[in-house]
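Colleague: Residue numbers (the working numbering): 123 to 248. The beta-carbon is built from N, C-alpha and C at its ideal position, and this holds for glycine as well.
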RNA sequence: ACUGCAGGCUGUGCUAUCGCGGUGUUUUUAAUAACAACGAGGAAAGUCCGGACAGCACAGGGCAACACACCGGUUAACGGCCGGUCACGCUCCCGGGCGUGGAGAUAGUGCCACAGAAAAUUACCGUCCCGCCGCAAGACGGGAUAAGGGUGAAAAUGUGAGGUAAGAGCUCACAAUCCUGCAAAGCAAUUUACAGGAUGGGUAAACCUUGGGUGCUGAAAUGCUAUGUAUACCCCGAUCUUCUGCCGGCCCGGCGGAAUCCCUGACGGGGUAUCGGGGAGGGUAAGCAGAUAGAUCUGUUCAGCAAUGGGCAGGCCAGAUAAAUGAUAGCGCCAGACAGAAUCCGGCUUACAGGCCUGCAGUAAAA
């Protein structure tokens with residue numbers, strides 16, 4: 123996610139949940155622009171309140187981004203199947219530096235949880 | 001070889017797979033895809049100085065504010081750097097090395113804790129003289145005195161002699177510091193020498209004085225494009241779509257008459273502009289420029305003690321905009337410190353595991 127407007131919209135209107143050191147803000151949209159592309163946009167952020175050094179924040183974002191990249195294709199397939207777009211933001215709320223194995227495990231849990239969210243939304247909207 | 005000091009350099013490497021950023025080439029209508037090379041630092045940090053660049057302001061001068069202050073050089077500039085000079089301190093193998101500092105305290109005002117009599121026209125003790133009382137010791141009163149005591153970070157330049165009632169730079173000799181003049185050396189700071197004068201506590205990161213200097217704001221600067229309320233509103237100017245009479249100080253005003261244009265089937269009703277400039281408000285949060293070829297980098301050579309500068313040859317070396325360097329596996333070692341570009345440079349300051357190099361000194365061994 124790169125657009126300031128989309129991010130502001132996401133944080134004001136989106137839903138959220140937490141998985142231990144992470145907090146996820148997400149919002150499903152109707153995929154109208156590109157029906158053959160998975161409309162999955164994601165951003166990452168770390169609070170400078172807990173990590174004052176820029177190197178530490180970069181490290182956390184890189185590890186999280188890599189853990190997301192390795193596992194994201196299952197979510198893309200599911201979105202393509204349902205013709206939905208998903209905007210999401212992943213915030214790191216922990217206070218200690220994570221390692222990659224832990225980040226991979228947690229991102230797996232997060233993606234699984236997101237896979238089940240579209241059903242809920244469709245039923246509630248209907 | 002080890003130790004210490006000083007200075008400089010470096011600061012995980014390779015292979016494979018997957019992935020990220022802009023660029024180039026090819027492909028595609030385009031999106032895109034494939035391939036290629038490149039892709040954080042010595043401090044990118046703190047944002048402390050100085051510039052470039054941009055916008056605004058700007059006759060000249062003054063006031064205020066701010067920082068600067070031995071001399072010369074260097075530079076785009078600097079409070080940086082280099083070289084020199086003086087004072088003080090530390091070290092020393094006594095040649096030197098290192099550190100700190102440098103307009104003015106003799107323009108003026110203020111301040112100097114505690115202690116001490118007194119912190120700048122100093123009299124507590126002491127010393128001396130006079131008066132008075134007393135046999136005397138001495139007490140009291142008046143004066144002189146900065147030699148001695150004690151306090152302090154600091155006490156009126158130090159030593160000796162003369163001098164005196166006792167003393168005092170009061171006088172003299174030597175020494176110290178400062179000022180003035182002058183000679184020699186040096187671009188200069190300054191050094192050396194001579195003559196005359198003075199004896200004055202410290203503090204200017206207290207106010208202040210002197211000198212030369214500084215416009216203000218920062219890339220969220222700034223310029224352009226697109227979208228759009230919008231044929232909106234207000235003001236000004238020009239052209240014009242009107243002509244004419246009366247009222248009114250004037251008018252784009254009011255009343256009357258005549259004519260014309262547009263919309264509407266018509267009565268009727270409505271409209272009557274265009275262009276340029278400005279004001280006030282709203283919307284968008286997109287793109288491009290700024291923005292990465294430069295006080296540039298590498299090598300070499302010349303000038304210079306050096307900082308630095310010139311010449312020649314070659315190179316192009318991050319450019320994002322929620323913001324790119326990661327993951328996995330293997331090998332290697334001392335097991336990877338401090339730490340992440342955001343307009344760009346020159347410095348300063350601070351942080352930093354380990355490794356390497358140079359110089360000096362010491363110790364030990366060998367020749």
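Looking at the structure shown, is residue 167 part of a helix, part of a strand, or coil, going by DSSP?
Modeller: If you number the first chain from 1, residue 167 lands on position 45. Reduced to three states, the DSSP call for residue 167 is strand.
Colleague: Could you work out which residue in 171, 164, 144 and 140 is closest to residue 132 when comparing CA atoms only?
Modeller: What you label residue 132 is simply residue 10 of the first chain in a count that begins at 1. Of the candidates 171, 164, 144 and 140, the one whose C-alpha sits nearest the C-alpha of residue 132 is 164.
Colleague: Using a Cβ-Cβ cut-off of 6 Å (strictly less than) and excluding sequence neighbours within five positions of residue 171, which residues of its own chain qualify?
Modeller: As a first step, residue 171 is located in the first chain; it is residue number 49 there, counting from the start. The answer is none, since no qualifying residue turns up.
Colleague: The beta strand (DSSP E) that contains residue 203, what's its start and end?
Modeller: Numbered from 1 along the first chain, position 81 holds the residue referred to as residue 203. First-last for residue 203: 195-204, but that is the alpha helix (DSSP H), not the beta strand (DSSP E).
Colleague: What distance in whole Å lies between the Cβ atoms of residue 181 and residue 213, which are believed to be in contact at a cut-off of 8 Å?
Modeller: Start at 1 with the first residue of the first chain, and residue 213 comes out as number 91. Start at 1 with the first residue of the first chain, and residue 181 comes out as number 59. Residue 213 to residue 181, Cβ: 16 Å. No contact.
Colleague: With a threshold of 8 Å on Cβ separation, who are the neighbours of residue 140 within its own chain once the five nearest residues in sequence on each side are excluded?
Modeller: Working through the first chain from its first residue, we reach residue 140 at position 18. So the qualifying residues of the chain are 146 and 215.
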